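Protein chains in written order, with UniProt numbering: chain D, 1 to 333; chain G, 1 to 306. From the three backbone atoms N, C-alpha and C, an ideal C-beta is built for every residue, glycine too. Since the model is a prediction, treat every value here as computed from it, not as a measurement. Okay, so here's the structure we're looking at.
Now the structure itself:
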């Protein structure tokens, strides 16, 4: 990694970015030695707010931050980018149909994909957070043909962290002792949180999750729906979307991708499908991965039972439908 | 705040109206998957919140509403911090370290301390680290160096418009080149700017952030709170001076019995005021202004307590 990493955050005046930016400034994302130059992009209406964020970054007296650029200009934001975190997206408004949401976001991410292609560093790593994350990621990747597709990912780490937490709460252990839960598929209500390959560190040694939590009905029922619906549950309590926990998940995703995962540890990332587990290439699908030397590798050879097969198929189907709807809007140029 | 190995139990306290929002915070804490977080107690009950705690960060206070006079603000906050001081005295661990953030921070800390007579006065502090960080950042911009090269800027007095940002004992590392060190005053080379612009800039920064964000500083305040507690508990580096508002002991002729921001070093969980710094007449006049304000606030607060 070079002396100073150029880090782009879109939706920079928003709630998730407000937590995320300061995680980056502290060194949580790239480690305590990596200096960063921040490029904060938002729409023109939010530029005044961005000034306030800039002032707070200055008031943080962060040794790792060499410079901050606040802009509404996409070329200025993306030029020379090493890491791009696309948090900003068009939110769902009252009365908006799913098709409208897909359409509005497809045009945003087409523009961003082109900008990444034309201005970013060729080895740029991209994380798409703004929803619908998987399909937005696919659009951006499609319009950045000069960038390797392995450099495009979307966030399912929040779901992964939520799944770990639910297992920890049920088993009565600390979340740090829960390992290798998996999130398959779309970052949506069809995601499939899968406990079967995971284990818990107990004083006596490692135990498969299924041995510690013997309630298969819960593992195949309430566990899955709780994780799938957790976003809505947080909104109901806070009256706002998850922000801090999303920012933490983004930080975890990037840190593991760039600095590597611990030996034996799987994490979940939305990545371009490549045929693994019967998912044909052409969508962004969340898989279990490990990371080393700045690259992720899909964990192969995990057994998929019939229950899981069905769940995986549902989420795959949704992703294919989203893809068709989205590309219909942006055309194919 | 406490380093990479210290496990914690979080006690989160807010008013009953905020109980649902607090639930949301707990959910996000769970969803963040923090290995150091042992458990979370989210409560609206002061006793539950303060029971056995080792560290208390008192962020909550009554905000100034439209038409509210300073006296009204002091009055309503005195009753809050009286209750919290009593709770600390009754329920907290005897070694509890307290940082008051909610404004008026210095006087709120004094109120709490007054009602916690079984606890050492040295364990009560108020936050001026945000002002210090702001001052450090502005000097780094002015001189054109990285912020970590700016050292030992001091904030004296009240966390208010009368605070005294003082660069006379500070220095810039690696300036004008690597391995050299310059006093801040000679690096800045602009005494007029230092006296007439820098000081008001730091004093008014809070308002400037509100004007831009339409909200108070939050992230930068949180960062300062972390810095203050971490340095207090884990110690300052050799030669490093930080600003903390602490119980005055007569140093620099500041009357005893005020919570006053001083330059300190920290070691083994204790702060010590840096002694024998020369105070110029210019700074001395400002110290007197901020002392006067703190004494007035103290009188008003005590009158409400009795």
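Beta-ladder partner(s) of residue i, from DSSP
i, result
"residue 184 of chain D", "D:192"
"residue 308 of chain G", "Because chain G is modelled from 1 through 306, residue 308 of chain G falls outside the range shown and cannot be assessed."
"residue 183 of chain G", "G:171"
"residue 11 of chain G", "G:41"
"residue 135 of chain D", "Residue 135 of chain D pairs with nothing; no bridge assigned."
"residue 201 of chain D", "D:206"
"residue 157 of chain G", "G:261"
"residue 298 of chain D", "D:289"
"residue 125 of chain G", "G:99, G:246"
"residue 10 of chain D", "D:41, D:86"
"residue 4 of chain D", "D:35"
"residue 152 of chain D", "D:126"
"residue 71 of chain D", "D:41"
"residue 165 of chain G", "G:155"
Continuous alpha helix (DSSP H) stretch holding residue i: start and end
i, result
"residue 160 of chain D", "157–171"
"residue 228 of chain G", "219–234"
"residue 231 of chain D", "222–238"
"residue 89 of chain G", "70–91"
"residue 18 of chain D", "15–26"
"residue 74 of chain D", "74–78"
"residue 291 of chain G", "281–305"
"residue 200 of chain G", "199–203"
"residue 257 of chain D", "244–259"
Outcome for residue i when other beta-carbon atoms lying within 10 angstroms are tallied against a minimum of 16
i, result
"residue 242 of chain D", "buried"
"residue 333 of chain D", "Model confidence at residue 333 of chain D stands at a pLDDT of 45, short of 50, so the residue's coordinates are unreliable; what they give is reported in the following sentence. Exposed."
"residue 131 of chain D", "buried"
"residue 52 of chain D", "buried"
"residue 219 of chain D", "buried"
"residue 297 of chain D", "exposed"
"residue 193 of chain G", "exposed"
"residue 285 of chain G", "exposed"
"residue 98 of chain D", "exposed"
"residue 50 of chain G", "buried"
"residue 87 of chain G", "buried"
"residue 253 of chain D", "buried"
"residue 263 of chain G", "buried"
"residue 165 of chain G", "buried"
"residue 309 of chain D", "exposed"
"residue 288 of chain D", "buried"
"residue 221 of chain D", "exposed"
"residue 338 of chain D", "Not covered by the structure: residue 338 of chain D. The range shown for chain D is 1 to 333."
"residue 216 of chain G", "exposed"
"residue 3 of chain G", "exposed"
Proximity to residue i [Cα-Cα], best of the options
i, options, result
"residue 141 of chain D", "D:71, D:26, D:115, D:258", "D:115"
"residue 138 of chain G", "D:57, D:75, D:248, D:91", "D:57"
"residue 93 of chain D", "D:257, D:104, D:86", "D:104"
"residue 147 of chain D", "D:136, D:162, D:125, D:312", "D:125"
"residue 277 of chain D", "D:152, D:185, D:18", "D:185"
"residue 134 of chain D", "D:39, D:283, D:3", "D:283"
"residue 105 of chain G", "G:305, G:298, G:303", "G:298"
"residue 218 of chain G", "D:11, D:60, D:33", "D:60"
"residue 214 of chain D", "D:171, D:252, D:18", "D:171"
"residue 324 of chain D", "D:76, D:4, D:106", "D:106"
"residue 103 of chain G", "G:201, G:158, G:198, G:115", "G:158"
"residue 337 of chain D", "D:12, D:154, D:303", "The displayed coordinates of chain D run from 1 to 333. Any statement about residue 337 of chain D would go beyond what the structure contains."
"residue 6 of chain D", "D:122, D:96, D:15", "D:122"
"residue 203 of chain G", "G:89, G:263, G:24, G:134", "G:134"
"residue 9 of chain G", "G:41, G:266, G:222", "G:41"
"residue 187 of chain G", "G:80, G:173, G:43, G:99", "G:173"
"residue 44 of chain D", "D:229, D:71, D:302, D:266", "D:71"
"residue 243 of chain G", "G:230, G:255, G:253", "G:230"
"residue 87 of chain D", "D:18, D:63, D:149, D:100", "D:18"
Start and end residues, beta strand (DSSP E) containing residue i
i, result
"residue 268 of chain G", "Taken as a continuous stretch (DSSP letters only), residue 268 of chain G belongs to no beta strand (DSSP E), as it is neither H nor E."
"residue 99 of chain G", "97–100"
"residue 270 of chain D", "267–272"
"residue 57 of chain G", "55–58"
When you check each C-beta in the stretch 217–240 of chain G against every C-beta of chain D, which residues fall closer than 7 Å? Against chain D - using a Cβ distance shorter than 7 Å - the residues of the stretch 217–240 of chain G are 217, 219, 220, 223.
Taking beta-carbon pairs under 7 Å, can you tell me which members of the stretch 104–137 of chain G lie near chain D? Within the stretch 104–137 of chain G, the qualifying residues are 130, 133, 134, 136, 137.
Which residues, in chain order, does the stretch 169–198 of chain D contribute to contact with chain G at a C-beta distance below 8 Å? Flagged, chain order: 169, 174, 175, 176.
Taking a cut of 8 Å between CB atoms, which residues from the stretch 3–34 of chain G lie near chain D? Result list: 20, 21, 23, 24, 25, 27, 28, 29, 30, 31, 32, 33, 34.
Determine which residues of the stretch 7–35 of chain D have a Cβ less than 7 Å from any Cβ of chain G, and write them out in chain order. Hits within the stretch, in order: 18, 22.
Output, in sequence order along the chain, the residues in the stretch 161–188 of chain G whose CB is closer than 8 Å to any CB in chain D. Correct list: empty, as no residue qualifies.
Output needed in chain order: residues of the stretch 244–277 of chain D with a Cβ under 8 Å from some Cβ in chain G. Cβ contacts with chain G: 244, 245, 248, 249, 252.
Under 9 Å, CB to CB, which of the residues in the stretch 193–217 of chain G have a partner in chain D? Those would be 205, 208, 209, 210, 211, 212, 213, 214, 215, 217, in chain order.
Residues of the stretch 44–56 of chain D in Cβ contact with chain G at a cutoff of 9 Å, in chain order, please. Cβ contacts with chain G: 48, 49, 50, 51, 52, 53, 54, 55, 56.
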